[in-house]
Amino acid sequence: MISRRSMLVGAAAITGFSAKSVQAMDVFRLGLTPVFLDNDAEVVDRLRGAFAEALGLPVELEQRRTYEEVTGLLLEGSVDAAWLCGYPYLQHRKSLELMAVPVWNGRPLYQSYLIAGSDNTATTLADLRGGTHAFSDPDSNSGYLVTASDLARMQERPDSFFKRTIFTFGHRNVVRAVGDGLVQSGSVDGYVWEALTKTEPDLTKRTKVISKSEWLGFPPFCTRADRAGEPAIRAMRLALLDMGKTAQGMAALDLLQLDRMAAAQPSLYDGIAKRMRELEKSL
Numbered sequence: 006m007i008s009r010r011s012m013l014v015g016a017a018a019i020t021g022f023s024a025k026s027v028q029a030m031d032v033f034r035l036g037l038t039p040v041f042l043d044n045d046a047e048v049v050d051r052l053r054g055a056f057a058e059a060l061g062l063p064v065e066l067e068q069r070r071t072y073e074e075v076t077g078l079l080l081e082g083s084v085d086a087a088w089l090c091g092y093p094y095l096q097h098r099k100s101l102e103l104m105a106v107p108v109w110n111g112r113p114l115y116q117s118y119l120i121a122g123s124d125n126t127a128t129t130l131a132d133l134r135g136g137t138h139a140f141s142d143p144d145s146n147s148g149y150l151v152t153a154s155d156l157a158r159m160q161e162r163p164d165s166f167f168k169r170t171i172f173t174f175g176h177r178n179v180v181r182a183v184g185d186g187l188v189q190s191g192s193v194d195g196y197v198w199e200a201l202t203k204t205e206p207d208l209t210k211r212t213k214v215i216s217k218s219e220w221l222g223f224p225p226f227c228t229r230a231d232r233a234g235e236p237a238i239r240a241m242r243l244a245l246l247d248m249g250k251t252a253q254g255m256a257a258l259d260l261l262q263l264d265r266m267a268a269a270q271p272s273l274y275d276g277i278a279k280r281m282r283e284l285e286k287s288l
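The opening position of the sequence shown corresponds to residue 6 in our numbering, with each subsequent residue numbered one higher.
So this is what it looks like as structure tokens:
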């Protein structure tokens with residue numbers, strides 16, 4: 006039987022990439038941000054196992070607290086690929102290339118949710134003026150950009166509209182901050198909020214959704230554009246696209262409450278790009 010490593014070496018010969026360098030690659034490094042549901046050990050182990058099985062290489066998952074840190078690791082070459090957000094992908098679009106995008110409930114799309122405490126009487130963003138608000142990360146689309154650009158449309162800014170804002174550096178942490186009454190409202194990934202309704206219903210019951218954004222491109226897996234042709238990167242792309250075809254891959258998808266991974270075009274993120282332009286014009 007031909008091994009996965011032999012296949013990688015063969016691919017190297019076809020693409021012109023050094024077979025020696027493929028053989029010398031002892032580990033594939035994948036960066037992870039708080040974009041996914043939780044830093045749960047079982048999720049991490051399932052992802053690592055699924056990718057290692059598909060690649061025939063050990064896989065290290067490099068987790069960082071902020072999107073900026075993980076994006077930096079990818080740009081400097083400290084990781085080979087990363088699960089990012091549409092916002093940092095577009096911020097560095099000339100340097101990055103899409104590998105795959107998760108499919109959730111049949112589509113590679115999600116929404117940003119504006120949430121508040123379950124007993125809060127607010128029904129719109131305007132009703133939250135003067136309150137305290139939790140954002141996920143300054144480079145998060147659903148956890149910052151959507152609300153910031155909504156405020157820009159109102160000729161407002163987060164630091165003047167809200168009495169106080171905090172960054173929790175994790176979507177689950179936003180829900181917790183709102184549910185525990187640490188802040189009155191928050192901006193959160195709708196996929197994460199919906200997933201938490203199944204895994205931690207007591208938490209989400211302490212919050213309510215005030216509004217939802219339009220459907221936007223789901224956080225993608227990316228690599229550096231100048232490395233996209235490398236055999237190991239190409240093999241990882243195939244591993245992502247075929248993730249639902251293996252037992253470990255299917256188990257990881259189930260834990261993440263995702264359907265599968267799909268190929269994506271940059272146009273999937275046009276909606277996020279539009280919001281970026283609107284926010285930049287307001288600054």
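A virtual CB, placed ideally from N, CA and C, is assigned to each residue, including glycine.
Through-space distance from residue j to residue i, alpha-carbon basis
i, j, result
"L150", "V197", "16 angstroms"
"Y274", "M104", "14 angstroms"
"N146", "P224", "9 angstroms"
"D31", "L260", "28 angstroms"
"C90", "Y72", "8 angstroms"
"E235", "P271", "20 angstroms"
"V193", "D164", "18 angstroms"
"R280", "S154", "6 angstroms"
"S190", "L221", "21 angstroms"
Three-state class that DSSP yields for residue i in the structure shown
i, result
"K213", "strand"
"T228", "strand"
"A127", "coil"
"G234", "coil"
"G195", "helix"
"G276", "helix"
"S26", "Confidence in S26 is poor, its pLDDT being 42 and thus under 50, which makes the residue's placement unreliable; the coordinate value appears in the next sentence. If DSSP states are grouped into helix, strand and coil, S26 belongs with the helices."
"R98", "coil"
"S287", "helix"
"Y186", "Residue identity differs from the one stated: residue 186 is Gly in this sequence, not Tyr. Coil."
"P271", "helix"
"L258", "helix"
"L245", "helix"
"L89", "coil"
"L37", "strand"
"L201", "helix"
"L103", "strand"
"L221", "strand"
Cut-off 8 angstroms between Cβ atoms - residues of its own chain near residue i, not counting five sequence neighbours on either side
i, result
"T202", "T209"
"T251", "A55, E58, A59"
"E47", "L260"
"D144", "T71, Y72, E73, T76, C90, Y92, P93, Q96"
"E283", "S154, A157, R158"
Any non-hydrogen atom of the ligand SAH closer than 7 angstroms to residue i Cβ
i, result
"E73", "Absent from the structure shown: the ligand SAH. Ligands present: none."
Residues of its chain near residue i, where Cβ-Cβ distance is below 7 angstroms and the 5 sequence neighbours each way are ignored
i, result
"M12", "At M12 the pLDDT is 43, less than 50, meaning the model places this residue with poor confidence and gives no usable figure here."
"R53", "V64, L66"
"G249", "M255, L258, R265"
| query | What are the complete beta strand (DSSP E) segments, minimum 3 residues, inside the region 55-86? | reply | 64-68
| At least three beta-carbon pairs within less than 8 angstroms, the region 127-134 to the region 217-236 | no
| task | Identify every run of the beta strand (DSSP E) within the region 106-177, keeping only runs that are complete inside it and at least 3 residues long; order them along the chain. | result | 117-122, 137-140, 169-172
| task | Say whether the region 68-83 touches the region 177-188, bearing in mind that this needs 3 or more beta-carbon pairs closer than 8 angstroms, one atom from each stretch. | result | Touching, no.
| query | Using 8 angstroms as the threshold, is the region 134-142 in touch with the region 168-179, meaning 3 or more CB pairs across them? | reply | yes
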